[in-house]
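To start, the structure under review is shown below, and the notes come after it.
There are 2 protein chains.
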Amino acid sequence: MKKLINDARAVVDETLGGLAAAHSDILSVSFEPRYVARRGAPIAGKVALVSGGGSGHEPLHVGFVGRGMLDAAVPGAIFASPTPDLVFAATRAVDGGAGVLYLVKNYTGDVLNFETAADFAAGAGIRVESVLINDDVAVEDSSFTAGRRGIAGAVLVEKIAGAAAERGDDLDSVAAIARRVNASMRSMGVGLRAGVVPYSGEPSFTLDDEHIEFGIGIHGEPGRAVIPLEPADAIVDRLVTAITGDLPFVAGDRVLLLVNGLGGTPLSELYIVFRRAAQSLVERGLAVTRSLVGSFATSLEMQGVSITLLRLDDELLELWDAPVHTAALRWGC
Amino acid sequence: MKKLINDARAVVDETLGGLAAAHSDILSVSFEPRYVARRGAPIAGKVALVSGGGSGHEPLHVGFVGRGMLDAAVPGAIFASPTPDLVFAATRAVDGGAGVLYLVKNYTGDVLNFETAADFAAGAGIRVESVLINDDVAVEDSSFTAGRRGIAGAVLVEKIAGAAAERGDDLDSVAAIARRVNASMRSMGVGLRAGVVPYSGEPSFTLDDEHIEFGIGIHGEPGRAVIPLEPADAIVDRLVTAITGDLPFVAGDRVLLLVNGLGGTPLSELYIVFRRAAQSLVERGLAVTRSLVGSFATSLEMQGVSITLLRLDDELLELWDAPVHTAALRWGC
């Protein structure tokens, strides 16, 4: 294991220490209890968005705290859900009186812990709504999941729901928009080489030099099949076919295309993937109206990529374009 | 070799194809001759900035084409300088009549080819100034270099000089600011594991699991020494000591701290490095006034990091904060 770390048990806290030092204009970090909050939170009268989950997926979710996106993120240990008391502490810290929306990737631990935190919040008189994110079409049930997994599509839900909260929508409206985004998007990924989990020093999966995991999860958990390594275009075609066939996306749809690196994939390869995905969508009659290329929902230094497609309407487009100011996503005034 | 590519010889063109498809609002790509130009270029009366160099370092330089930064980038083959005719073609395409500034990382091939292109431009009546970027303190001469190498500091020169050109400075003034940035910054990196060059299928260097290359170049070329892998904080302290001692940076200086991933390093590790670097600078009495964390000047999927420190004054700070709209760096209105 070759990593730029100190103590494996300190990886999450030291990452947050760096995040706080680099972005004190955007966010602040509470270490005990551990959560990341938007600078200036709570914001009176604004619906607060809280997400979280295991660490090791950076910038997800801590890099998306800030204006126009999340009010708080609650990072657990590497690949481990944050406990309910931490989610509740973050909830209390950012509630501005208009209620709190939980954005929860569909993993059993996260679902359970955010549910328990919502109970704590109800007991404290804070209204909470929860939206499940389950964009990964690869498998129905998996190592840590009943139903479909939530992967990089979380970034799109957080951005768009965050913009809705920022413009002053109430809790039910923001929750409805988050559910609409989740219902309008599909994702799938492939893994070429695993990341190494700091605590164990072990790779999250093993593959020989000639195979890839088609439909990999963001913890290295299995997808649909181990298949031979193919040229990028063939791999992309498999992913696009699986994704577009699922919603289904149809000719005339305007879509946002997210090509997401899993941590150890160079940007050049992400653009090679984007090129073929965009070609393939155009051939199907879809209009690639917005794009995002980069490593946003990762799995340590895993080599691989996921593709997410979101069907846009005028409102989602306007919310996507709205200003955002976070460590990992930033545009607009 | 496990990569998301098609034909190894098509990597650069297909990367640019994806870049063009994803960012048609920002840039356009010419494939024959090959260069990337800012959308709307040439801009009459504005000094045009042109950079370039071998590919494999993405987003450098192609991801920095756009408003407030570069007017054109000229990517060569992987780790190979672009030929003079390509640099000249880009020069002609973006010259708006106020002259063209070449920003050239100090590698023998780049220096020679940009010089020849400047001769072509002079013959065509286009005034060109060149600024050499040589921020890497690791070694004086190296595999491809006489004098010091140019590495991630190029991003800072391009951003700040780009802002000066955008506000209407003339060619001599923009060149002077670019030289001031170069003279006010120092960088150094470490490599843990090499990237694999697509053409050859070979790693750019080899190291066992217990060692790192201290002072590595962005082509995997040797630095000062191969040393045992240490905790991140110890490695960062070595880098910060080498960098701060060189300018030298002194107590009271305001600095911009860039922690740059080399392509295969997860963001969490970059923040762990940032945390210690910022601590160490504060202990030396420096004020970390601006920060940038991410993978901006890479070496394929190399695992490693570089640190760049820029001494700020009021004008450089204002130019750094000015709006920028490129594929890889974006902020402001």
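Heads up: the sequence lines are chains R and Z, in that order.
First residue of the first sequence: 1, per our numbering; consecutive thereafter.
First residue of the second sequence: 334, per our numbering; consecutive thereafter.
No residue lacks a Cβ here, since even glycine has one placed at the ideal position from N, Cα and C.
For the 7 Å CB-CB criterion, Ile605/Z and Thr326/R do not form a contact. The beta carbon of Asp566/Z sits closer than 7 Å to those of Arg609, all from its chain and outside the five residues before and after it, given in chain order.
When C-alpha distances from Val420/Z are compared across Phe412/Z, Gly385/Z, Thr441/Z, the shortest belongs to Gly385/Z. As computed with DSSP, Lys438/Z is found in a beta bridge with Ile466/Z.
Counting of Cβ neighbours within 10 angstroms places Phe364/Z among the exposed residues, the total staying below 16.
Asn113/R places its beta carbon 7 Å or farther from that of Leu132/R. Ser520/Z has a beta carbon lying at 7 Å or more from every beta carbon in chain R. Comparing C-alpha distances from Ala165/R to each of Met69/R, Leu317/R, Phe64/R shows the shortest one belongs to Met69/R. Under the three-state reduction of DSSP output, Leu4/R falls in the coil class, being neither helix nor strand. A contact is defined here as three or more CB-CB pairs under 8 Å, and the stretch 184-202 of chain R meets this definition with respect to the stretch 210-220 of chain R. Not a single C-beta of chain R is nearer than 7 Å to the C-beta of Ser357/Z. Secondary structure at Tyr604/Z: helix, using DSSP grouped into helix, strand and coil. The stretch 562-628 of chain Z is shown to contain whole alpha helix (DSSP H) runs of 4 or more residues at 565-579, 600-616, in chain order.
The DSSP assignment places complete beta strand (DSSP E) segments of no fewer than 3 residues inside the stretch 163-203 of chain R at 185-193, in order along the chain. Here Tyr199/R is exposed: its Cβ has fewer than 16 other Cβ atoms, across all protein chains shown, within 10 Å. When the Cα atoms are used, Gly217/R and Gly456/Z turn out to be separated by approximately 57 Å. Contacts with chain R at 7 Å (Cβ-Cβ) include Arg663/Z.
The beta carbon of Val240/R is closer than 6 Å to those of Ala277, Ser280 in its chain, skipping five residues each way along the sequence. Beta-bridge partners of Met635/Z (DSSP): Gly596/Z. Of the candidates Ser28/R, Ala8/R, Arg38/R, the residue whose Cα lies closest to the Cα of Gly17/R is Ser28/R.
The beta-carbon of Ile5/R is placed less than 7 Å from the nearest beta-carbon of chain Z. In chain order, Arg275 make up the part of chain R whose C-beta sits under 7 Å from the C-beta of Gly350/Z.
When secondary structure is reduced to three states using DSSP, Ile160/R falls in the helix class. Between Gly223/R and Val139/R a beta carbon distance of about 6 Å is seen, short of the 8 Å cut, so the two are scored as contacting. Using a C-beta cut-off of 8 Å, the stretch 295-303 of chain R makes contact with the stretch 261-268 of chain R, since at least three inter-stretch Cβ pairs fall below that distance.
Proximity to Asp474/Z across Thr441/Z, Val380/Z, Ile338/Z peaks at Thr441/Z, based on C-alpha coordinates. Counting the other Cβ atoms within 10 Å of the Cβ of Gly396/Z gives 16 or more, which makes it buried.
Under the DSSP definition of a beta bridge, His211/R partners with Pro228/R. Take Ile459/Z, set aside five residues on each side of it, and the residues of its chain with a beta-carbon closer than 8 Å to its own are Thr424, Arg425, Asp428, Gly432, Val433, in chain order. Between Ala405/Z and Ala370/Z the beta-carbon gap is near 5 Å, inside 8 Å, which marks them as a contact. The beta carbons of Ser520/Z and Ala485/Z sit about 6 Å from each other, so the pair counts as a contact at 8 Å.
Under the Cβ criterion of 7 Å, Ser517/Z is not counted among the residues facing chain R. With respect to the 7 Å criterion, Arg238/R and Leu312/R are not classified as neighbours on the basis of their beta carbons. Excluding the 5 residues flanking it on each side, Ser624/Z has same chain C-beta neighbours closer than 6 Å at Leu590, in chain order. Annotated as proximal: Ile493/Z and Leu649/Z, with beta-carbon spacing under 7 Å. Listed along the chain, the chain Z residues whose CB falls inside 8 Å of the CB of Tyr271/R are Glu347, Thr348, Leu349, Gly350, Gly351, Leu352, Ala355, Glu391.
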